[in-house]
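Okay, structure first, notes after.
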């Protein structure tokens, strides 16, 4: 036969395997029951948990009832610890399995309220101590399932042993009575209704020697043995292990259950337990505590007989296993809602501070589950489809769930109803048992004292709550109860009627009271009588509350408080005791209020100066009182510190200083460094070379240059009136580059803010006008007036445009002044008509033609009635755009590093005036003749002869001027000088898009090809004629200038 230790190890291994791997709840429960039934003491049975320490440290009862109540609390905590372990061994763990929070109400009222609860959590793996709970270490990814299963098994086994010990069904209670001696001490109130208590004289197994249970005589773990069954006295009736009410009628060796007739039928109706073989157990005598009927139970509080299906009494809603009604000698207890509450789901009575039920974890305010009959009837068939009653714990569950929410056991198949139903026991047979108890137990003095304290506390709380509704503080309620001593008068009524008289009496006693002989006054005099001290009702009330309602103590307390407050006011500079006492009386004993009253006369001059209409006097820097000046500086200029004020004063009192007060204050606000302040106050203007403070200097956002306000204003006034908008840059460094369009808008937006307060109103309006024109130039519908140079947006489709500024008209296409002959004619037809019919135009000859076909800015489209001769580098006076007047291309230097062609005209088209103006007139005429273009050679009738009258721009003086050419004319050149006659011929070449390469020599052709990156390598065996023809063909692929004016 195996020893008990071997059997324990075998059961432990099997049960741990069921816990660590998915197994049925019945197998786990059977393994735990087998382990709990092994007759070994806790020190030998439990390997991981300190079972003996937990039992001794969590049980301090004086008798059996108190000890059993504490063991029940420990069992509840073990139930929660068992759930923690089951969650860790479950493959589908909860989401927050890694932490256990202290603020969890279930944890706080169960696990954390016993000794050793956190130690079990440490065994589970919760070893990381945090400020708000316990958690697994960060490096632990998964819990140690095997160890957790071992610890959980011991927790479940210890809990089962405690339950058996509480119910009185433990086979070896001597193991626990040795650890908890109070289990053998009976109380004076009788035997508990939950378990059958056996006196020590009726326990024959305690008289056996240790040799009576030897390891050589092992018994089966799953069936009753003669040795264990012989330990139970034959005169004691054993109750069912499930309901705990009815006597045992059968024993199942397979599931180790001892059941009554009804529980045995329900429990073994399950298909998984229908094959179990039960051993009948005969009872010699029925217990007096239960009815002989198996279908009813009697409430021990109101003696109502209820059916077996009901969990709560129909009359008083008390649970089935609640204690009996209180005796007649006991005083009625407070309502249970104050100190405890009963779960409406499992009937567990919980403490009043708990939020969740200690057994089923359901909330306190959860509704009571509906009670349904245990057997389906004809009228309740529809209800049973959605509800079913657990056959193990009688809890009502709802479909479609097949697991009981209370005991987590699966739903069993409905059993066949018995052939004969049991009749309920009549009420008259059990009523006398609860109404007239035989023994009237005496109340424990300590319990009675605690009950009275509880009743008085609840009464006080009720009075305080009612007083708060009427504006009475808790201290006043408590003190009035002690003083009045009459329970018939409510405290707030007494306070309203009697408290004013009591406070007046205290004030009178304090006024007539004299100091004690050994007290010393503030002046150092001993034993002298003090004058009457006026007290306010607020001071008297405060002292009366502090003294607990004793008037004499209140007077002494009030006088002591008054002396302390007078001394505190004296330390603040108010030494007049009479004034201090009067201020305290007016403020109700408040020191801050008294201080306000004492300071009010001192602030009267300041208030009068603040509210007067007279202007604030200027700050006198040379005032002899330095602190007075610094205080004025702090008040007026809000300097950050007292040291800054002294720094301002020292700088202003410097004999060599020429600063103003405002300049120094602004500099000191920026930095406390004296050298830095001197540099800020001595800035030199780079234009006028004068010295100014930094506040009198202005700078642009585009650079770091600073100039004085006068130079800044003068520079931008001249730039707006006499220069272009692009000249409005820094006068020192000429930054920024306004030709860059990205910086143009941002620069002028910030410049506009600076010029708004700087320039005169008319100058500022002109600046806005030029700025607007600069923005409108980019619009393709923008037009310049040919009469007054006013720019505007024209959105019409007619050729005739009327200027909004000068009210004169001009052509929107050719920009010529409008004439009536232009109506119905195109611009070319109108120019031809003028050339043939206008005498003035005929008199001007080709000079008028060159003026009409003058220079047009490609950027802003502003027209200049000027010839293109002279310098080709033209700068528009409107937009400052620099371009070539011969081909309208911008002037720039090639940015390609490998380019071998240099010069501003390096990449201009070959038909540009810059390249053709050096040709002889005869060669230009020959080019026109190749394309059959007609040109003039004779002077027009009436035109001036001998002198060229073409208007051109000349640099004569500080600014360019427009004046006639004045050069001598040559015969056969249409009354023009040779320079302007060439310009006339080139304009015809450009107008008819004639390629000058037709007359290029070989050298000119090679230079042009290199300019436009055309290969000029001579082919092998290629003669000069073929070479020139090939190069001309290659030049045909190079387009002419796209910006040169052409005829449409």
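Residue numbers (this note's numbering): 57 to 1104. Note that CB positions come from ideal geometry on N, CA and C, so glycine has one too. Only a predicted model underlies this, so the values are computations on that prediction, with no experimental measurement involved.
What residue from the options has the CA that sits closest to residue i's CA?
i, options, result
"residue 1112", "151, 216, 169, 205", "Coverage of the chain is limited to positions 57 through 1104, which leaves residue 1112 absent and any answer about it impossible."
"residue 447", "180, 970, 882, 467", "467"
"residue 127", "108, 299, 142", "108"
"residue 738", "931, 118, 714", "714"
"residue 987", "932, 1007, 1049", "1049"
"residue 229", "148, 320, 98, 754", "98"
"residue 311", "86, 1061, 554, 699", "86"
"residue 787", "849, 608, 770, 859", "770"
"residue 1026", "1020, 1019, 1034", "1034"
"residue 757", "809, 744, 855", "809"
"residue 558", "518, 611, 514", "611"
"residue 222", "122, 398, 1003", "122"
"residue 450", "205, 368, 746", "368"
"residue 100", "114, 64, 568, 526", "64"
"residue 832", "330, 935, 1045", "935"
"residue 106", "174, 316, 779, 89", "174"
"residue 755", "683, 731, 814", "814"
Which word fits residue i, buried or exposed, when buried means at least 16 other C-beta atoms lie within 10 angstroms of its C-beta?
i, result
"residue 60", "buried"
"residue 484", "Here residue 484 scores only 40 on pLDDT, less than 50, and its place in the model should not be relied on; the value that follows carries that caveat. Answer is exposed; the Cβ neighbour count stays below 16."
"residue 372", "exposed"
"residue 136", "buried"
"residue 313", "buried"
"residue 616", "exposed"
"residue 166", "buried"
"residue 226", "buried"
"residue 132", "buried"
"residue 886", "buried"
Please report the straight-line C-alpha distance between residue i and residue j, rounded to a whole angstrom.
i, j, result
"residue 260", "residue 370", "Its pLDDT being 35, under 50, residue 260 is placed unreliably by the model, and the measurement read from it follows with that caveat. C-alpha separation (whole angstroms): 42 angstroms."
"residue 622", "residue 594", "16 angstroms"
"residue 82", "residue 358", "38 angstroms"
"residue 66", "residue 510", "53 angstroms"
"residue 762", "residue 742", "8 angstroms"
"residue 1001", "residue 992", "15 angstroms"
"residue 790", "residue 817", "25 angstroms"
"residue 155", "residue 403", "30 angstroms"
"residue 539", "residue 179", "57 angstroms"
"residue 970", "residue 853", "36 angstroms"
"residue 847", "residue 835", "11 angstroms"
"residue 145", "residue 239", "35 angstroms"
"residue 411", "residue 151", "22 angstroms"
"residue 169", "residue 396", "17 angstroms"
"residue 189", "residue 157", "4 angstroms"
"residue 1019", "residue 1095", "36 angstroms"
"residue 263", "residue 294", "The predicted position of residue 263 is uncertain, since its pLDDT is 34 and thus under 50; no value can be drawn from it."
"residue 844", "residue 872", "13 angstroms"
"residue 526", "residue 548", "8 angstroms"
"residue 699", "residue 736", "19 angstroms"
"residue 706", "residue 666", "28 angstroms"
"residue 582", "residue 528", "In this prediction, residue 582 scores a pLDDT of 42, lower than 50, which makes its location untrustworthy; the coordinate-derived value is nonetheless stated afterwards. The alpha-carbon atoms of residue 582 and residue 528 are separated by roughly 42 angstroms."
Pop quiz: residue i and residue j are said to be a contact at Cβ under 8 angstroms. What is the actual Cβ separation, rounded to whole angstroms?
i, j, result
"residue 857", "residue 866", "6 angstroms"
"residue 837", "residue 943", "26 angstroms between Cβ atoms; not a contact."
"residue 753", "residue 772", "At roughly 15 angstroms, the Cβ-Cβ gap does not stay under 8 angstroms, so residue 753 and residue 772 are not in contact."
"residue 335", "residue 303", "Contact flag wrong, Cβ pair sits at about 15 angstroms."
"residue 764", "residue 744", "6 angstroms"
"residue 172", "residue 200", "Incorrect: roughly 20 angstroms between the Cβ atoms, too far for contact."
"residue 119", "residue 241", "5 angstroms"
"residue 822", "residue 777", "7 angstroms"
"residue 1051", "residue 967", "7 angstroms"
Item to complete: Count the C-beta pairs between the segment 652-669 and the segment 677-690 that are closer than 8 angstroms, then say yes if the count reaches three, no if not.
Response: Touching, no, given that fewer than three Cβ pairs across the two stretches are closer than 8 angstroms.
Discussion item. Does the segment 1073-1085 come into contact with the segment 1032-1047, if we say contact requires no fewer than three beta-carbon pairs (one atom in each stretch) closer than 8 angstroms?
Written reply: Cβ pair count under 8 angstroms is below three, so no.
Fill in: Contact between the segment 664-681 and the segment 694-701 (3+ Cβ pairs under 8 angstroms)
Here the segment 664-681 does not lie against the segment 694-701, with fewer than 3 beta-carbon pairs under 8 angstroms apart.
Item to complete: Evaluate contact between the segment 635-654 and the segment 590-604, counting only Cβ atoms and requiring at least three cross-stretch pairs below 8 angstroms.
Response: These segments touch.
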